[in-house]
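Q:
Protein chains: 2
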Amino acid sequence: MNILTRPILEFNLNNLLDNYNVLAKIASPATPAAVVKDDSYGVGSAIVVQALYEKANCRNFFIAHAVEGEKLASLAPNAKFFVLQGIGDDSIALFKKIPQLVPVISSPQMLKFWQDNAISGVKPVIQVETGLNRLGFREDELKKLTPQEREMFCLVMSHLACGDEKDHFMNAHQIETFEYIKKTYFPKTPASLSASDGVFLGENFHQDLVRLGAALYGINTAPYRPNQMKNVVTVKAPVLQIAHLPKGDFVGYSATYRASSDRKIAIVSIGYGDGLPRSLSNIGKVFFKKDGKIIETRIIGRVSMDNIICDVTNVDGLQCGDIAYLADDFYTLDDVALDAGTISYEIMSRLGKNPRFDKRYI
Amino acid sequence: MNILTRPILEFNLNNLLDNYNVLAKIASPATPAAVVKDDSYGVGSAIVVQALYEKANCRNFFIAHAVEGEKLASLAPNAKFFVLQGIGDDSIALFKKIPQLVPVISSPQMLKFWQDNAISGVKPVIQVETGLNRLGFREDELKKLTPQEREMFCLVMSHLACGDEKDHFMNAHQIETFEYIKKTYFPKTPASLSASDGVFLGENFHQDLVRLGAALYGINTAPYRPNQMKNVVTVKAPVLQIAHLPKGDFVGYSATYRASSDRKIAIVSIGYGDGLPRSLSNIGKVFFKKDGKIIETRIIGRVSMDNIICDVTNVDGLQCGDIAYLADDFYTLDDVALDAGTISYEIMSRLGKNPRFDKRYI
Chain A
36 MNILTRPILE FNLNNLLDNY NVLAKIASPA TPAAVVKDDS YGVGSAIVVQ
86 ALYEKANCRN FFIAHAVEGE KLASLAPNAK FFVLQGIGDD SIALFKKIPQ
136 LVPVISSPQM LKFWQDNAIS GVKPVIQVET GLNRLGFRED ELKKLTPQER
186 EMFCLVMSHL ACGDEKDHFM NAHQIETFEY IKKTYFPKTP ASLSASDGVF
236 LGENFHQDLV RLGAALYGIN TAPYRPNQMK NVVTVKAPVL QIAHLPKGDF
286 VGYSATYRAS SDRKIAIVSI GYGDGLPRSL SNIGKVFFKK DGKIIETRII
336 GRVSMDNIIC DVTNVDGLQC GDIAYLADDF YTLDDVALDA GTISYEIMSR
386 LGKNPRFDKR YI
Chain B
36 MNILTRPILE FNLNNLLDNY NVLAKIASPA TPAAVVKDDS YGVGSAIVVQ
86 ALYEKANCRN FFIAHAVEGE KLASLAPNAK FFVLQGIGDD SIALFKKIPQ
136 LVPVISSPQM LKFWQDNAIS GVKPVIQVET GLNRLGFRED ELKKLTPQER
186 EMFCLVMSHL ACGDEKDHFM NAHQIETFEY IKKTYFPKTP ASLSASDGVF
236 LGENFHQDLV RLGAALYGIN TAPYRPNQMK NVVTVKAPVL QIAHLPKGDF
286 VGYSATYRAS SDRKIAIVSI GYGDGLPRSL SNIGKVFFKK DGKIIETRII
336 GRVSMDNIIC DVTNVDGLQC GDIAYLADDF YTLDDVALDA GTISYEIMSR
386 LGKNPRFDKR YI
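Taken in order, these protein sequences are the chains called A and B.
Heads up: the first sequence begins at 36 in our numbering, then just goes up one per residue.
Heads up: the second sequence begins at 36 in our numbering, then just goes up one per residue.
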């Protein structure tokens with residue numbers, strides 16, 4: 036028996052590389068780019084960028100903010116980092132310092148800013164709006180671009196709203212709009228429309244460059260069929276204590292669980308402070324491996340900042356220091372998200388940013 | 036007009052110090068200790084510890100994991116850091132290296148581990164279970180302690196389950212149980228029962244030491260009456276783009292919002308990747324300050340990783356680069372949490388861990 040206190044995050048980089056190669060092959064001959072924003076959805080951008088750059092020859096990365104690229108650029112010296120949130124007074128200094136950073140320009144105001152502050156040798160990306168109604172030039176704004184401005188961009192991009200629903204009417208609407216905008220305003224410019232979800236929607240969605248994000252990290256971006264991606268993230272935590280819960284006793288904050296019979300409970304060293312959603316209170320599943328079997332248990336009471344309490348009445352021989360599985364290949368973050376009432380993207384982006392996790396890379 | 040891209044987190048350390056002093060005064064003559072686990076609920080432990088140590092003479096800090104104390108101990112050389120998750124094989128090296136770390140022992144197994152690995156000069160804390168049914172010795176385990184073991188601890192502590200509900204029956208039950216355990220097993224040991232919420236429950240809850248956490252950071256831990264704490268956290272983000280939303284158009288992922296009339300929208304540079312709960316989709320409130328007035332607007336469509344979309348039809352003269360307020364003293368994180376279906380603790384613990392935030396301390 037070991038006494039352990041820290042939660043553990045395991046990332047399988049081999050599976051991540053396999054996912055990248057599978058996605059790149061489906062999208063071929065489109066250029067594959069990796070979306071490593073938000074610390075690579077929590078996996079850790081430095082390690083992900085290095086692996087993709089060195090082992091998969093990836094040369095195009097997407098980040099949200101220039102500051103995210105500050106430490107990454109030198110790890111991938113011949114790569115470009117496209118900055119989705121664009122450029123402004125609060126990031127221009129970084130763009131000047133690191134010419135690998137390429138801004139994505141999404142509005143006439145930002146274009147004006149770029150023209151007043153252009154960095155020689157850098158051709159920016161233009162984002163156009165095709166139905167998501169988020170960032171991007173609207174058509175009345177595109178009409179005002181001069182012929183010279185229409186040829187100043189290295190890439191014209193847009194983003195799908197419903198790419199994870201195969202037959203959603205928005206997909207047809209967006210590709211039609213995108214093709215019209217390309218033909219009308221940017222006939223000579225390479226184009227990108229799809230993130231991971233669009234890769235599975237067919238060849239016309241691939242365009243010249245695909246932006247591989249969620250699926251890279253194992254998320255099922257085509258939930259209308261079983262996941263074709265390999266699992267990347269395993270979330271584990273040790274049992275700190277095992278105790279008897281007498282019939283009638285309450286559990287956790289606000290006493291939201293009451294034992295209807297004598298139970299055995301385990302206090303497990305992970306909580307919402309580690310990124311586990313608090314909405315898993317009284318709902319979340321926790322697994323233990325015993326004698327080659329996977330045993331399912333349930334979180335009882337509220338998830339607290341550092342701990343959860345599990346009903347382990349049905350787990351024989353459990354000891355302090357035994358490992359609880361919160362997510363793994365048999366119960367993925369997509370499954371956790373379903374229980375938590377959100378999407379795995381949100382959970383991933385919260386995990387791993389806390390120094391308390393013992394992070395391990397395979 | 037500025038073009039800005041980064042979200043901004045502002046922390047008011049003066050208000051934090053004021054909160055500490057108010058709480059310490061209410062709890063006097065009990066010793067005040069500060070709970071700085073989880074990076075001080077996201078505020079930033081290094082800065083919080085330094086401020087409390089130097090300006091408020093705080094000498095007792097609580098953290099969850101030993102690893103959290105690694106960088107803090109040298110900032111507060113004469114302080115102790117009590118480690119709530121205790122000590123084990125995965126943290127013993129740190130305890131040996133930093134004698135300011137004091138483990139909280141919560142189970143007989145962990146006590147055995149401590150006795151096998153005791154660090155000279157360090158007297159640990161014992162945690163006892165009084166109704167939360169989380170970490171702590173149960174009475175059958177206390178009975179087995181030898182007379183010598185009963186006197187080996189520097190502090191006996193427990194934790195309230197329902198301290199934020201003034202008249203909850205659990206409060207009376209827990210204080211009664213705690214007094215009984217103290218008298219029976221630890222008559223000579225200093226005691227601690229209350230976190231911030233217990234401070235407001237009356238003198239008998241104060242014991243010898245109070246653990247000031249949530250209220251320090253401005254959270255209302257006595258929600259049965261108006262908040263007596265000052266606001267510590269302000270969450271802001273710039274408007275990246277303003278656009279026309281035609282009647283009938285959809286907004287955001289999965290097209291969950293459709294405009295029933297022509298609207299004006301703003302794309303604001305903050306999302307769940309920054310810690311804003313995705314459950315604010317189509318619900319969350321966003322504020323703008325114009326001509327000395329605070330104007331309320333609503334998030335429409337889904338919160339995405341880096342952006343939200345707001346209906347700003349009623350905000351005249353809005354420009355790119357204008358600042359949206361997600362939380363401030365007029366709409367605190369407690370209010371955000373109510374809209375998001377969670378508690379402000381969870382939201383706080385997610386904000387600020389992302390390097391993308393421009394963090395400012397007042």
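Note that beta-carbon positions come from the ideal geometry of N, C-alpha and C, so glycine has one too.
Bear in mind the structure is a predicted one, so any value in this text is a computation, not a measurement.
1) Residues in its own chain within less than 6 Å of B/Arg-385 by CB, not counting five upstream and five downstream?
2) Is A/Gln-85 close to chain B? Criterion is C-beta to C-beta, closer than 9 Å.
3) Is the Cβ of A/Gly-283 closer than 9 Å to any Cβ of chain C?
4) Compile a chain-ordered list of the residues in the segment 136-168 of chain A whose CB is closer than 8 Å to at least one CB of chain B.
5) With a threshold of 9 Å between beta-carbons, can A/Pro-390 be considered close to chain B, or not?
6) Taking only three categories from DSSP, how would you classify B/Lys-271?
7) Please check if any C-beta of chain A sits within less than 9 Å of the C-beta of B/Tyr-288.
8) Determine whether the beta carbon atoms of A/Pro-400 and A/Asp-357 lie at a separation below 9 Å.
9) Looking only at DSSP bridge pairs, what is B/Cys-345 linked to?
10) Along chain B, which residues have their Cβ under 8 Å away from the Cβ of A/Val-102?
11) Give me whichever residues DSSP pairs with B/Arg-395 in a beta bridge.
12) Compute the Euclidean distance between the alpha carbons of A/Thr-348 and B/Asp-175, then round it to the nearest angstrom.
13) Just to check, is the beta-carbon of B/Asp-364 closer than 8 Å to a non-hydrogen atom of the ligand ZN?
14) Could you tell me which chain A residues have their CB closer than 9 Å to the CB of B/Lys-72, listed as they occur along the chain?
15) Chain B partners of A/Ala-108, CB-CB under 8 Å?
16) From the DSSP output, which residues share a beta bridge with B/Met-192?
17) Looking at chain A, which residues of the segment 371-382 of chain B have a Cβ within less than 9 Å of any of its Cβ atoms?
18) Go ahead and label B/Tyr-292 buried or exposed: buried means 16 or more other beta carbons lie within 10 angstroms of its beta carbon, across all protein chains shown.
19) Would you give the residue range spanned by the beta strand (DSSP E) that B/Ile-98 belongs to?
20) Going by CA-CA distance only, name the one from A/Phe-130, A/Arg-185, A/His-241, A/Met-383 that's closest to A/Tyr-76.
21) For the segment 343-361 of chain A, enumerate the residues whose C-beta is nearer than 7 Å to any C-beta of chain B, in chain order.
22) Bridge partners for B/Val-321 per DSSP, in chain order?
23) Against A/Ser-304, what residues of chain B qualify as contacts under a CB-to-CB distance less than 7 Å, listed in chain order?
24) With DSSP as the reference, label B/Pro-67 as helix, strand or coil.
25) Quick one: any contact between the segment 38-46 of chain B and the segment 109-118 of chain B, if contact means 3 or more CB pairs under 8 Å?
26) Which residues does DSSP list as the beta-bridge partners of A/Tyr-407?
27) Round the Cβ separation of B/Ile-397 and B/Leu-110 to the nearest angstrom and send it over; I've been treating them as touching at under 8 Å.
28) Smallest Cα separation from B/Ala-294: which of B/Ile-344, B/Thr-165, B/Arg-391?
29) Could you name each continuous alpha helix (DSSP H) segment of 4 residues or more that falls completely within the segment 114-161 of chain B, going from the start of the chain to the end?
30) Run through the DSSP bridge pairs and tell me what B/Arg-293 is partnered with.
31) In this structure, does DSSP put B/Ile-216 in helix, strand or coil?
32) Relative to the C-alpha of B/Arg-337, which candidate in B/Gly-306, B/Lys-147, B/Asp-326, B/Leu-51 has its C-alpha closest?
33) Quick one: what's B/Leu-247 bridged to in DSSP?
34) Relative to the alpha-carbon of B/Leu-190, which residue among B/Ile-161, B/Glu-200, B/Val-84 has its alpha-carbon at the smallest distance?
35) Under DSSP, the alpha helix (DSSP H) around A/Ser-379 begins and ends at which residues?
36) Can you list, in chain order, the residues of its chain whose CB lies under 8 Å from that of B/Ala-375, leaving out five sequence neighbours each side?
A: Considering the structure as presented:
1) Gly-310
2) no
3) No chain C appears in this structure, whose protein chains are A and B.
4) Ser-141, Ser-142, Gln-144, Met-145, Phe-148, Glu-164, Gly-166, Leu-167, Asn-168
5) Judged by the 9 Å Cβ criterion, A/Pro-390 is in contact with chain B.
6) strand
7) yes
8) Residue 400 of chain A is absent from the model: chain A starts at 36 and stops at 397.
9) B/Ala-301, B/Ile-334
10) Residues of chain B passing the Cβ test: Arg-41, Pro-390, Arg-391.
11) For B/Arg-395, the beta-bridge partners assigned by DSSP are B/Glu-45.
12) 19 Å
13) This structure lacks the ligand ZN; in fact it carries no ligand of any kind.
14) Gly-308, Met-340, Asp-341, Arg-391
15) Neighbours of A/Ala-108 on chain B: none; closest Cβ ~14 Å, over 8 Å.
16) B/Gln-162, B/Ser-227
17) Taking 9 Å as the upper bound on Cβ-Cβ separation, chain A lies near residues Gly-376, Thr-377, Ile-378, Tyr-380, Glu-381 of the segment 371-382 of chain B.
18) buried
19) 95-98
20) Taking each of A/Phe-130, A/Arg-185, A/His-241, A/Met-383 in turn and checking the Cα distance to A/Tyr-76, the smallest one comes out for A/Met-383.
21) Ile-344, Cys-355
22) B/Thr-332
23) Correct list: Gln-120.
24) strand
25) no
26) Look at the range of chain A in this structure, 36 to 397, and you will see that residue 407 of chain A is not part of it.
27) B/Ile-397 to B/Leu-110, Cβ: 20 Å. No contact.
28) From the listed residues B/Ile-344, B/Thr-165, B/Arg-391, the smallest Cα separation to B/Ala-294 is found for B/Ile-344.
29) 127-132, 143-152
30) B/Phe-285
31) helix
32) B/Gly-306
33) B/Ala-69
34) Looking at the Cα atoms, B/Ile-161 is the closest of the given residues.
35) 379-385
36) Pro-312, Ser-314, Leu-315, Ile-318, Gly-319, Ile-382
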